[in-house]
Each structure stands twice: as C-alpha cells, then as structure tokens.
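Just so you know, we're using my numbering here: the sequence shown kicks off at 358 and counts up by one.
Cβ coordinates follow ideal geometry from the N, Cα and C atoms, glycine included.
A short write-up of the structure that comes next.
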Amino acid sequence: MNSSIHAILSVAYKEFLHIYRDKRVLLLLLILPPLFILLFGYAFESSDITDVPSLLVNRDNTPRTQRFIDVVLQNKTFRWRQAPPEITNESDLLAHHVQVALVVPPGWSDSLNAGNPKPLTLYLDGSDINTGSAAEGGVQKSLADFQMKERDLIVEDLPDEVIELGKQLPVQIRKQFVSLMEAWSAKKTVLYNPKERFIDYVIPGIIGLILQLLTVTLMACTIARERESGTLYQLMVTSLKRGEIVIGKILPYLGVSIVIIAGIAFVAGFQFHVPFYQPPALMLICLLFLLCSLGLGLLISAFSKTQTQAIQFSVFFLLPVFVLSGAFAPLEQLPKAIQYLSEIFPLTHFCRAFRTCIKPRRRFT
C-alpha cells in the first residue's frame, strides 16, 4: 500500500514539475481563469438591452403625437434619431445604420379621438432577434405609459355635468368602471434571485466552461505528450502499474483546478457579488465535475497520437457542450431530442446542481 502511494506521488511530482517548467501552461493556468471570469462576468452582468440605434418618423404633427414622442424619448431601450416625415421608401429605413424604425402614420391623433386608432408601424432588424424583442417590448411599454397619461388627461377635462351624472351611478358600478380604467397587474415575488441579475444565472456555466476548457485540454495532452516524446514506453516498462500512472497524472491537475476554483469563486463573489450559500455542497459538486472532466481528457489523450490531435479532439468535444449543456440558455429552448442528448454532458448536470446550491434555503409560506 505504501509503495503504491509512493509510486503515485512520484508520478504526480514529475507531472507537477512539467507544469511548473512549462511557462506556457503555467501562464495559461494563472491568467486564463481570472481573465475569463472577468470578461464573461462583465459581458453577462446585465441582460438589459439599452441604447439601440433607432429612427423615429413623425407624420402626424399634432400636440397629442408630440406627447407620445416625449414618452418614447424617455425610454432607455432606444437611442433615437428623428427623420423627416417626407421620407417615402420605408423599406430602406433600416439602411440608416439603425436597428429599429418607428413610424407614426398621418391622422393618428384623429383616429384616437374617433375611437378607431391606427396602428403604429414598427420596423425591426430580424437578424438580431434579442434586440428586436427588446425593442418591441420597449415600444409597447411606451404606448401603455402614454395611454395611462392620456386617460388621466381625459378624466381631468370631463365637464362637471358628466361627473355629476357619474356620481348618480351605483357605487358598485362606479368601482367597476374605475377598475376597468386602471391597468391590472400581478404582484411579483422573486424568491431566489430577487434582483433578477443575469450573472447569477450564468455564473455556473462560466465556472464550468473555464474548468472544462482547462482540464480537458491540458489532460488530453498529458499521455499524448509522453507518447510523442517516447517517455510513455519508458514508464510502461517500469514497475509502475497503469492505475498508478493514471492517478499520478490526474492528481496535479486536480490540485491546480481546486486552486483555480477558489480563485474564480473569490472573483465572482468579490467583483460581481454572486452569493454562494452552500460552500461544502458546491465544493463536492466541483470535485465530481473535475474528476469527470479529467477522465474525459485522459480518454481523449489515450486515443491521440500527438498533442495536436489531442487538442483537435478536445475542441470537437467542447464546442457542442457549450451550446447544448444549458450553461447560458435554458435547456427547455432546445428540441426534446436534443435535451435528451444534453444529458450525457457532465456540464449539464454541473450547472443544474450548482444553480440548486446557490439558492438560499427558503421555504414557501
């Protein structure tokens, strides 16, 4: 037993020396994790889309239309430029280096007075679906705000005779009218992410991405490097068992990865204020995920004759994992067959378990 442990530690020490002496690998391990967590963290810190380049064409120059435009201009989703109403080729509106164009048709204010409102025309750039959806939601919100303000103005300008007639209605009917004139809403209570920050959702995917990228790629090159340099056969003819060689190869990368996890967690908590409510469970999840990733890297290394082949196989494996694991988007968006396929990836289960553990222990009451 002691001899086996000594053999494993000897192989691990040899592999650790290689990591220490290879300046490229050392820089990769020291610089890439904090750089990635900062880049991805700032990229996903906010999911709100703002300052979308937009064009506004007003063909109904009335005071009411101007009040609507004042409401739209206050919406932070857009960065408006106003175009002259004489512009005719509406199909080329988005050619003005904008992603959204809103056209107020002539006679729009009169149509509101007549009770048969004309629809506004909204042009969206369909090549950017997320921005298009945010722009449509922003216009709808501005319309709702404008409608509420116009309702208040109409009520204030009602003649006294109408108000007196209204007072003669039964109380219950008056309450129903008031209820219908107000916007109905649902009270929202967010339990596990009260600030609704997108970074809290994607942080497990970012951590898993960094860990799997490093562990699979570096581990895939270990056996391939020994085979390429000819030292693998020297190891095989020694008294070392295959299991001792494998464990000795894994241990240094496991230790380095644990240090990387601690650094990533510190940056995520200190810089982006991501809460970690159950550290022991999170460490266990990360440890199991690391063992799976190192095992995958070792498997890739066993089939690779050179380090170049090992890196190519690693990229071939990692690319679909990042897309299909639910790291940055819900798995429910994928087709059912692809959802079943995603269950074979360790990163899928890592993200699911990690998100469960960063929730506070709270019960429904």
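Out of P420, D408, R438 and F397, point me to the one whose CA is closest to V414's CA. One-based indexing of the sequence shown puts residue 414 at position 57. Cα-wise, what sits closest to V414 is R438.
Is it buried or exposed, G565, if we count other Cβ atoms within 10 angstroms and call 16 or more buried? Against the sequence shown, residue 565 aligns to sequence position 208. The residue is buried, with at least 16 neighbouring Cβ atoms inside 10 Å.
State buried or exposed for E689, treating a residue as buried only when at least 16 other CB atoms are found within 10 Å of its CB. Sequence index remark: in the sequence shown, residue 689 carries index 332 (1-based). Exposed, by the Cβ-count rule.
Would you mind stating whether V631 and A625 have Cβ atoms separated by less than 8 Å? Within the sequence shown, numbered from 1, the residue matching residue 631 stands at position 274. Within the sequence shown, numbered from 1, the residue matching residue 625 stands at position 268. Against a cut-off of 8 Å, the Cβ pair of A625 and V631 comes out as a contact.
Y480: first and last residue of the uninterrupted beta strand (DSSP E) it sits in: Residue numbering aside, residue 480 sits at position 123 when the sequence shown is read from its first letter. Its beta strand (DSSP E) spans residues T478 to L481.
Are the region 495 to 514 and the region 678 to 686 touching by the rule of at least three beta carbon pairs closer than 8 Å? no
From the DSSP output, which residues share a beta bridge with Q439? Working through the sequence shown from its first residue, we reach residue 439 at position 82. L413.
Checking the sheet assignment: what are the DSSP bridge partners for A458? Within the sequence shown, residue 458 is the residue found at index 101, counting from 1. For A458, which the question treats as bridged, DSSP gives the partners L412 and Y480.
Which term fits H612, buried or exposed, when burial requires 16 or more other beta carbons within 10 angstroms of its beta carbon? Here residue 612 refers to the residue found at position 255 of the sequence shown. The sequence given here has Gly at residue 612, not His. Label assigned to G612: exposed.
Taking a contact to mean a Cβ-Cβ separation below 8 Å, would you say L571 touches L384 in this structure? If you number the sequence shown from 1, residue 571 lands on position 214. If you number the sequence shown from 1, residue 384 lands on position 27. The answer is no: Cβ separation not under 8 Å.
Helix, strand or coil, according to DSSP, for R554 in the structure here? Start at 1 with the first residue of the sequence shown, and residue 554 comes out as number 197. It is coil, neither helix nor strand.
What do you reckon, are the CB atoms on I563 and I394 nearer than 8 Å? If you number the sequence shown from 1, residue 563 lands on position 206. If you number the sequence shown from 1, residue 394 lands on position 37. Contact flag set, yes.
When DSSP labels each residue in this structure, what does I618 get in the three-state scheme? Residue mapping note: residue 618 aligns to position 261 of the sequence shown, counting from 1. The answer is helix: DSSP assigns I618 an H, G or I state.
Could you check the C-alpha separation between T595 and H375 for me, to the nearest Å? Position 238 of the sequence shown, counted from the first residue, corresponds to residue 595. Position 18 of the sequence shown, counted from the first residue, corresponds to residue 375. Cα to Cα, T595 sits roughly 20 Å from H375.
Minimum length 4: unbroken alpha helix (DSSP H) runs contained in the region 363 to 390: none
Given a threshold of 16 other Cβ atoms within 10 Å of its Cβ, counted over all protein chains shown, does L430 qualify as buried or as exposed? In the sequence shown, residue 430 corresponds to position 73, counting from 1. Result: exposed.
Can you tell me the Cα-Cα spacing of F694 and N487, whole angstroms? Here residue 694 is taken as the residue at index 337 of the sequence shown, counted from 1. Here residue 487 is taken as the residue at index 130 of the sequence shown, counted from 1. The sequence shown places Ala at residue 694, not Phe. Those two C-alpha atoms are separated by around 25 Å.
Fully enclosed by the region 585 to 670, which alpha helix (DSSP H) runs are 4 residues long or longer? 588 to 593, 599 to 629 and 636 to 660
Let me confirm a value: E583 is counted as buried when at least 16 other C-beta atoms fall within 10 Å, else exposed. Which label applies? Locating residue 583 in the sequence shown gives position 226, counting from the first residue. Buried, by the Cβ-count rule.
Could you tell me whether the Cβ atoms of A501 and V457 are closer together than 8 Å? Mapped onto the sequence shown, residue 501 falls at position 144. Mapped onto the sequence shown, residue 457 falls at position 100. Their beta carbons are not under 8 Å apart, which means A501 does not touch V457 by this criterion.
Just tell me which of C649, F670 and L648 has its CA closest to the CA of I657. As a position in the sequence shown, residue 657 is number 300, starting the count at 1. Of C649, F670 and L648, the residue nearest in Cα terms is F670.
Expressed to the nearest angstrom, what Euclidean distance is found between the alpha-carbon atoms of L477 and G494? Taking the first residue of the sequence shown as position 1, residue 477 is located at position 120. Taking the first residue of the sequence shown as position 1, residue 494 is located at position 137. Roughly 14 Å between the two C-alpha positions.
Let me know the secondary structure DSSP gives F674 once reduced to three states. Mapped onto the sequence shown, residue 674 falls at position 317. It is helical.
C-beta atoms of I580 and L647 nearer than 8 Å: Locating residue 580 in the sequence shown gives position 223, where the first residue counts as 1. Locating residue 647 in the sequence shown gives position 290, where the first residue counts as 1. Result no, Cβ atoms of I580 and L647 do not sit closer than 8 Å.
Give the straight-line distance between the Cα atoms of L366 and K598, rounded to the nearest whole angstrom. Reading the sequence shown from its first residue, position 9 is the one you call residue 366. Reading the sequence shown from its first residue, position 241 is the one you call residue 598. Cα-Cα distance, rounded: 13 Å.
Would a C-beta distance cut-off of 8 Å place A577 and A667 closer than the cut-off? Counting from one through the sequence shown, the residue named residue 577 turns up at place 220. Counting from one through the sequence shown, the residue named residue 667 turns up at place 310. Yes, these two residues count as a Cβ contact at 8 Å.
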